[in-house]
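K.L.:
Numbering (this note's numbering), first residue to last: 1 to 155.
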């Protein structure tokens with residue numbers, strides 16, 4: 001969406017850095033960052049650190065205003081109530097990218113949904129901070145959840 005803003009600078013470098021971050025190509029990302037103009041480095045570092053500077057917040061607000069119709073089309077908030085089939089939602093309580101409360105809101109809006117918030121999963125991996133009994137209990141909840149999913153989809 002950044003490329004759709006009417007800015008007085010080329011956004012391609014910033015977009016490429018974000019793309020490399022998503023692909024987890026960190027060496028390539030860092031090389032590209034080193035070649036960016038200082039103000040673009042500041043933007044990228046703000047985004048990657050999660051510490052929104054005034055400039056990044058302004059850019060985000062401009063992108064939202066510029067793309068409001070597209071964002072509403074993409075957001076399940078505006079259409080998930082129309083889903084007719086049962087939906088199974090699995091989310092890690094320790095997800096660092098998407099708060100599990102988003103899944104709770106989604107499940108509340110979908111007429112026929114099943115939700116499991118797992119305390120063992122983070123964004124991409126299993127949390128290693130908990131003991132064996134805790135993990136076993138979580139795996140049992142997951143097995144029950146997935147058995148309902150498979151049973152529903154087999155019938």
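Every residue gets a Cβ at the ideal spot worked out from N, C-alpha and C, and that includes glycine.
Between the alpha carbons of residue 74 and residue 34, how many angstroms are there, rounded?
P.N.:
Going by the C-alpha atoms only, they are around 34 Å apart.
K.L.:
Is the beta carbon of residue 114 less than 8 Å from the beta carbon of residue 139?
P.N.:
No, the Cβ-Cβ distance between residue 114 and residue 139 is not below 8 Å.
K.L.:
Which one of 119, 10, 147, 110 has the shortest CA to CA distance from residue 96?
P.N.:
Ranking 119, 10, 147, 110 by Cα distance to residue 96 puts 119 first.
K.L.:
What residue range does the beta strand (DSSP E) around residue 120 cover?
P.N.:
Segment: none, residue 120 is in no beta strand (DSSP E) and carries neither H nor E.
K.L.:
Among 65, 86, 13, which residue has its Cα nearest to the Cα of residue 153?
P.N.:
Among 65, 86, 13, the Cα nearest to that of residue 153 is on 86.
K.L.:
Would you call the segment 14-30 and the segment 40-50 touching, i.e. three or more CB-CB distances under 8 Å?
P.N.:
Verdict: yes, contact present.
K.L.:
Decide if residue 103 is buried, meaning its Cβ has at least 16 other Cβ atoms within 10 Å, or exposed.
P.N.:
By the 10 Å Cβ count, residue 103 comes out buried.
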